[in-house]
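Numbering (the working numbering), first residue to last: 31 to 124.
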């Protein structure tokens, strides 16, 4: 179908480019997710971790738009979320 994918999985099976951090463990839980690690392995030979192990320590991006509905429901923006990610990643949280 002419769709080309980049292989962004690290040596531990974590994905470097994935869904929002809030949805990462649910998206790859191996049970309820539409993105089943077992199915990806069986169909395409792709091996990724399950649950929290699906996120790479080297993760380079998140699909922030995945959180847009939840953000709007709490009167927040993607900019607010980016600030929170930055605070967490740079250890501003006390």
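All residues carry an ideal CB built from backbone N, CA and C; glycine is no exception.
Since the model is a prediction, treat every value here as computed from it, not as a measurement.
So residue 75 packs on residue 43, CB below 8 angstroms; how close in whole Å? Position 45 of the chain shown, counted from the start, is the residue given in the question as residue 75. Position 13 of the chain shown, counted from the start, is the residue given in the question as residue 43. In fact, because the Cβ distance is near 13 angstroms, the residues do not count as touching under 8 angstroms.
query: Residues bridged to residue 117 by DSSP?
result: Taking the chain shown and counting its residues from 1, the one referred to as residue 117 is at position 87. None, per the DSSP bridge assignment.
key: Candidates 49, 84, 68 and 32: closest to residue 40 by CA position   = Here residue 40 is taken as the residue at index 10 of the chain shown, counted from 1. Comparing Cα positions, the closest option is 84.
**OP:** Answer with buried or exposed for residue 86, where buried requires no fewer than 16 other C-beta atoms within 10 angstroms of its C-beta.
**Re:** Translated into positions along the chain shown, residue 86 becomes position 56. Answer is buried; the Cβ neighbour count reaches 16.
Discussion item. As a quick exercise: from 104, 109, 46 and 121, pick the residue whose alpha carbon is nearest that of residue 94.
Written reply: Position 64 of the chain shown holds residue 94. Closest option to residue 94, Cα to Cα, is 109.
On the CB-based measure, 16 or more other CB atoms within 10 Å of its CB, does residue 119 come out buried or exposed? Along the chain shown, one-based indexing puts residue 119 at 89. Under this definition residue 119 is an exposed residue.
Item to complete: Provide the residue(s) that pair with residue 91 in DSSP beta bridges, ordered along the chain.
Response: To locate residue 91, count along the chain shown from 1; it is residue 61. According to DSSP, residue 91 bridges with 47.
Problem set entry | Chain-order list of residues whose beta-carbon lies under 7 angstroms from that of residue 88 (same chain, five-residue window excluded) | The residue you call residue 88 lines up with position 58 of the chain shown. For residue 88, where only same-chain residues beyond five positions count, the Cβ hits under 7 angstroms are 40 and 46.
Report task. On the DSSP bridge assignment, give the partners of residue 39 in chain order. Result -> For the purposes of this step, residue 39 is identified with residue 9 of the chain shown, where counting begins at 1. The partner list for residue 39 (beta bridge, DSSP) reads 45.
- Query: Can you pull the DSSP bridge partners for residue 85?
  - Reply: Indexing the chain shown from 1 puts residue 85 at position 55. DSSP lists 45 as partners of residue 85.
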